[in-house]
Amino acid sequence: MTAETPGVRREFMKGNEAICLGAIAAGCRYYYGYPITPQNDIPEYMSTHLPPLGGTFLQAESEVATINFVLGTSASGKRVMTSSSGPGISLMQEGLSYMAGSELPAVIVNISRSGPGLGGIAPSQGDYFQAVKCGGHGGYKMPVLAPHSVQEMYSLTMLAFDLADKYRNPVMILGDAIVGQMKEPFVPTPYIPAVTTEKPWALTGCAGRSRQHIKSLYLKDNAIEVHNWKLHRKYQQMQAEEVRAELYRTDGARIAIVAFGTAARVSKTAIQWARREGIPVGMLRPISLFPFPSAQVHAVARDVDALLVIEMNTGQMVEDVRASTPFHDRIRFLGKPCTMPTPEEILEEVRRLAVEIFPAEVRA
Amino acid sequence: MKAQVKEPFTRQVFWRPKSLVDVRTHFCPGCHHGIAHRILAETIDHFGLREKTIGVACVGCAVFLYDYIDVDVCEAPHGRAPAVATGVKRAQPDKFVFTYQGDGDLAAIGTSEIIHAANRGENITVLFLNNTTYGMTGGQMAPTTMLGQKTATSPYGRDFKNDGYPIKMTELLATLEGTAYAARVAMCTPAQIRTTKEAVKKAFEMQRREMGFSIVEFLSTCPTNWGMKPAEAQQRVLGEMSEYFPLGVFKERQQADCL
Numbered sequence: 020m021t022a023e024t025p026g027v028r029r030e031f032m033k034g035n036e037a038i039c040l041g042a043i044a045a046g047c048r049y050y051y052g053y054p055i056t057p058q059n060d061i062p063e064y065m066s067t068h069l070p071p072l073g074g075t076f077l078q079a080e081s082e083v084a085t086i087n088f089v090l091g092t093s094a095s096g097k098r099v100m101t102s103s104s105g106p107g108i109s110l111m112q113e114g115l116s117y118m119a120g121s122e123l124p125a126v127i128v129n130i131s132r133s134g135p136g137l138g139g140i141a142p143s144q145g146d147y148f149q150a151v152k153c154g155g156h157g158g159y160k161m162p163v164l165a166p167h168s169v170q171e172m173y174s175l176t177m178l179a180f181d182l183a184d185k186y187r188n189p190v191m192i193l194g195d196a197i198v199g200q201m202k203e204p205f206v207p208t209p210y211i212p213a214v215t216t217e218k219p220w221a222l223t224g225c226a227g228r229s230r231q232h233i234k235s236l237y238l239k240d241n242a243i244e245v246h247n248w249k250l251h252r253k254y255q256q257m258q259a260e261e262v263r264a265e266l267y268r269t270d271g272a273r274i275a276i277v278a279f280g281t282a283a284r285v286s287k288t289a290i291q292w293a294r295r296e297g298i299p300v301g302m303l304r305p306i307s308l309f310p311f312p313s314a315q316v317h318a319v320a321r322d323v324d325a326l327l328v329i330e331m332n333t334g335q336m337v338e339d340v341r342a343s344t345p346f347h348d349r350i351r352f353l354g355k356p357c358t359m360p361t362p363e364e365i366l367e368e369v370r371r372l373a374v375e376i377f378p379a380e381v382r383a
Numbered sequence: 663m664k665a666q667v668k669e670p671f672t673r674q675v676f677w678r679p680k681s682l683v684d685v686r687t688h689f690c691p692g693c694h695h696g697i698a699h700r701i702l703a704e705t706i707d708h709f710g711l712r713e714k715t716i717g718v719a720c721v722g723c724a725v726f727l728y729d730y731i732d733v734d735v736c737e738a739p740h741g742r743a744p745a746v747a748t749g750v751k752r753a754q755p756d757k758f759v760f761t762y763q764g765d766g767d768l769a770a771i772g773t774s775e776i777i778h779a780a781n782r783g784e785n786i787t788v789l790f791l792n793n794t795t796y797g798m799t800g801g802q803m804a805p806t807t808m809l810g811q812k813t814a815t816s817p818y819g820r821d822f823k824n825d826g827y828p829i830k831m832t833e834l835l836a837t838l839e840g841t842a843y844a845a846r847v848a849m850c851t852p853a854q855i856r857t858t859k860e861a862v863k864k865a866f867e868m869q870r871r872e873m874g875f876s877i878v879e880f881l882s883t884c885p886t887n888w889g890m891k892p893a894e895a896q897q898r899v900l901g902e903m904s905e906y907f908p909l910g911v912f913k914e915r916q917q918a919d920c921l
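Quick mapping for you: the protein sequence lines, in order, are chains A and B. Every number in the working numbering is 19 more than the matching position in the first sequence, counting from 1. Every number in the working numbering is 662 more than the matching position in the second sequence, counting from 1.
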């Protein structure tokens with residue numbers, strides 16, 4: 020069922036709004052945020068649509084406060100979301116570390132902009148490291164999902180809530196100004212919960228049970244070591260069960276693009292054009308950036324002559340690609356920091372690669 | 663509550679509050695945290711709130727609140743307790759939500775969170791323990807440190823030219839529209855302890871009646887980091903501390919003020 024199927028109810032919305040629709044469908048009734056471009060459609064939508072549903076929208080005094088509102092509501096056992104962009108996500112890192120340490124679920128949306136610093140409001144994938152390697156202290160992980168369409172902004176948000184509850188862990192949606200601001204049709208598929216929503220650990224007052232705590236401080240004996248190994252096992256389980264990637268026209272491909280989000284979306288057009296020219300090119304699109312689809316990257320790298328990593332930064336995910344496969348000499352990189360690559364630019368790069376890798380065939 | 667041995671012709675007039683866990687605390691001799699904890703537990707019992715209370719612990723000596731008070735407790739990052747409490751209260755408006763914060767936590771790193779929680783009239787209760795120093799980290803200068811006070815990071819005494827002045831948070835918060843109740847108390851004498859208990863009850867009452875943000879500041883000792891004997895520390899609270907940080911009620915909203 021796609022947006023093109025006749026007779027299916029479709030919505031025509033911005034990606035940012037589709038995130039809100041997905042969150043509400045997944046039962047999220049609490050949203051906290053602070054204004055920052057290019058994600059303001061999210062708090063604006065939530066402030067309009069949550070109160071009539073009996074939900075709560077609250078604008079915080081800072082992103083530091085925002086993530087701690089989220090922490091408190093999550094500790095209460097409710098589904099809760101916040102969104103921001105790079106500078107605001109930086110301010111949330113403290114809270115994210117505490118939430119990971121305290122094992123609290125929530126969905127955090129980063130509609131990223133260019134940086135570092137105040138940077139600009141142009142689309143960028145410069146927050147890959149911060150999201151995937153986790154910018155807070157102490158060493159933790161969180162699932163990171165990278166939508167490349169408005170449809171995925173909707174459906175991956177629903178998935179993010181399930182993953183957050185399944186692992187009792189924050190989950191990040193990593194988008195950018197393009198996928199957040201663009202409008203396209205999508206199908207608001209019904210939400211089917213993949214996990215139980217019961218949260219016996221939530222702090223609801225100790226009626227009929229002994230008191231409970233949500234905490235990340237472990238001072239006694241080797242308690243913090245035990246806690247770290249427990250978290251580590253959880254992250255290993257994520258790596259075993261939550262890898263998501265799309266293979267796009269990899270049949271017979273000798274060049275494989277590796278790209279996520281907006282860069283992958285643009286690459287699809289370039290791949291169609293290149294295929295028409297007879298260049299056997301396809302794409303591996305990581306949907307989960309953590310866990311990273313390392314095995315899939317290696318499997319593709321084995322079968323092609325070149326892996327072309329395309330990112331809207333100067334090279335971040337490419338390090339994870341290198342770590343996934345020993346075929347380092349096959350890895351090429353095309354970076355467009357703080358702007359969107361055009362299909363023409365990608366096509367040009369693919370053509371250049373084709374000439375370099377199989378000159379005789381191309382000339383023929 | 664421990665079983666008490668009843669002697670003939672005696673009557674039990676003193677017992678451990680139900681909400682106070684029967685364990686030894688980590689607090690130093692002469693520290694007032696223990697008194698404040700007991701008053702908190704007694705007040706929870708007084709209103710029968712034990713099973714519907716969620717406490718928010720700060721970073722500092724008071725972080726072990728969850729070991730001592732027999733209620734659900736959430737730990738907050740340093741200074742963020744009012745924001746965490748906001749998240750809890752918004753999700754569970756029918757529950758009783760309090761924070762327990764020290765002066766480093768509330769008056770330095772958490773200034774933004776406390777001011778905006780008060781200004782929103784967030785219906786939570788804040789118990790604020792001011793001992794003019796960072797106790798847990800070893801007695802460094804706090805925003806509440808008195809002028810001339812020597813600490814680990816003001817070894818020559820706090821000098822306003824370098825460090826500014828000790829901040830009076832409760833007076834500041836009392837100026838905000840959202841604040842329903844703001845009082846400063848001490849716990850050096852039985853009479854002061856009785857006054858303190860009344861103030862904490864008032865603060866609880868504000869939340870129970872949904873009248874808005876309430877805060878009680880406890881002037882407290884830190885004999886270990888002040889380098890004083892408990893009795894000397896007590897005298898310091900009664901003397902120079904109470905002179906600079908006057909005791910009293912700075913704001914008390916009446917029911918009729920709440921529209």
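All residues carry an ideal CB built from backbone N, CA and C; glycine is no exception. A quick note: this is a predicted structure, and the numbers were derived from the prediction, not measured.
When secondary structure is reduced to three states using DSSP, R700 (chain B) falls in the helix class.
Taking 7 angstroms as the cut-off, the Cβ atoms of A45 (chain A) and Y210 (chain A) count as close.
Under the three-state reduction of DSSP output, E261 (chain A) falls in the coil class, being neither helix nor strand. Separation of the CB atoms of I276 (chain A) and A373 (chain A) is rounded to 12 angstroms, and the pair is thereby denied contact status at 8 angstroms. In terms of CA proximity to M65 (chain A), A:T75 leads the group A:T75, A:T56, A:A213. When the beta-carbon positions are compared, G722 (chain B) and P885 (chain B) stay at least 7 angstroms from each other. In the three-state reduction of the DSSP assignment, S95 (chain A) falls in the coil class, being assigned neither a helical nor a strand state. Each of A:E330, A:C357, A:L308 was checked against the Cα of K160 (chain A), and the nearest Cα belongs to A:L308.
Taking a Cβ-Cβ threshold of 7 angstroms, the residues of chain B close to G224 (chain A) are E713, K714, T715, I716, D734, K757, in chain order. Judged by their CB atoms, I776 (chain B) and P744 (chain B) are nearer to each other than the 7 angstroms cut-off. Between P360 (chain A) and R349 (chain A), the alpha-carbon positions lie close to 21 angstroms from each other. Short of 6 angstroms from the beta carbon of E784 (chain B), and not among the five residues preceding or following it, lie these beta carbons of its own chain, in chain order: T748, F875. As DSSP reads the structure, I350 (chain A) sits in a beta bridge with A:L326.
For P852 (chain B), there is no enclosing beta strand (DSSP E); the enclosing alpha helix (DSSP H) covers residues 852-870. Counting only the Cα atoms, T216 (chain A) lies some 11 angstroms from P124 (chain A). V285 (chain A): member of the alpha helix (DSSP H) spanning 280-295, first to last residue. Note on geometry: alpha-carbon atoms of Y186 (chain A) and F377 (chain A) lie some 46 angstroms from one another. Apart from sequence neighbours up to five positions away, the residues of its chain that approach V750 (chain B) with a beta-carbon distance below 6 angstroms are I716, V759, ordered along the chain. Listed in chain order, the beta strand (DSSP E) runs fully inside the stretch 748-833 of chain B are 758-764, 787-792, counting runs of at least 3 residues. One thing to note: M118 (chain A) has its Cβ no nearer than 7 angstroms to the Cβ of L77 (chain A).
By the C-beta density criterion, F31 (chain A) is exposed, having fewer than 16 other C-beta atoms within 10 angstroms. Neighbourhood of H232 (chain A) in chain B, by CB distance below 8 angstroms: Y728, D734, V735, C736, E737, in chain order.
In this model, Q763 (chain B) and T841 (chain B) are separated by some 17 angstroms (Cα to Cα). Scanning B:R871, B:F866, B:N887, B:T883 for the CA closest to the CA of I877 (chain B) turns up B:F866. In the same chain as T223 (chain A), and ignoring 5 residues on each side of it, the C-beta atoms closer than 8 angstroms to its own belong to S95, G96, in chain order. At least one CB of chain B lies nearer than 7 angstroms to the CB of Y117 (chain A).
For the C-beta of A213 (chain A), not a single chain B residue is nearer than 8 angstroms; the gap to the nearest is close to 23 angstroms. The C-beta distance from W292 (chain A) to L366 (chain A) rounds to 5 angstroms, short enough to fall under 8 angstroms. Fewer than three pairs of CB atoms, one per stretch, sit closer than 8 angstroms, so the stretch 316-335 of chain A makes no contact with the stretch 252-260 of chain A.
In the three-state reduction of the DSSP assignment, C39 (chain A) falls in the helix class.
Less than 7 angstroms separates the beta-carbon of D195 (chain A) from that of T281 (chain A). DSSP assignment within the stretch 126-202 of chain A yields the following whole alpha helix (DSSP H) runs of 4 residues or more, N-terminal first: 169-186, 196-200. Around H778 (chain B), the beta-carbon contacts reaching into chain A at under 9 angstroms are A79, E80, S81, A84. Each of A:I55, A:L40, A:A79 was checked against the Cα of H778 (chain B), and the nearest Cα belongs to A:A79. The alpha-carbon separation between G138 (chain A) and R132 (chain A) amounts to approximately 8 angstroms.
If you keep only unbroken alpha helix (DSSP H) runs of at least 4 residues inside the stretch 669-753 of chain B, you get 695-708, 727-730, 743-753.
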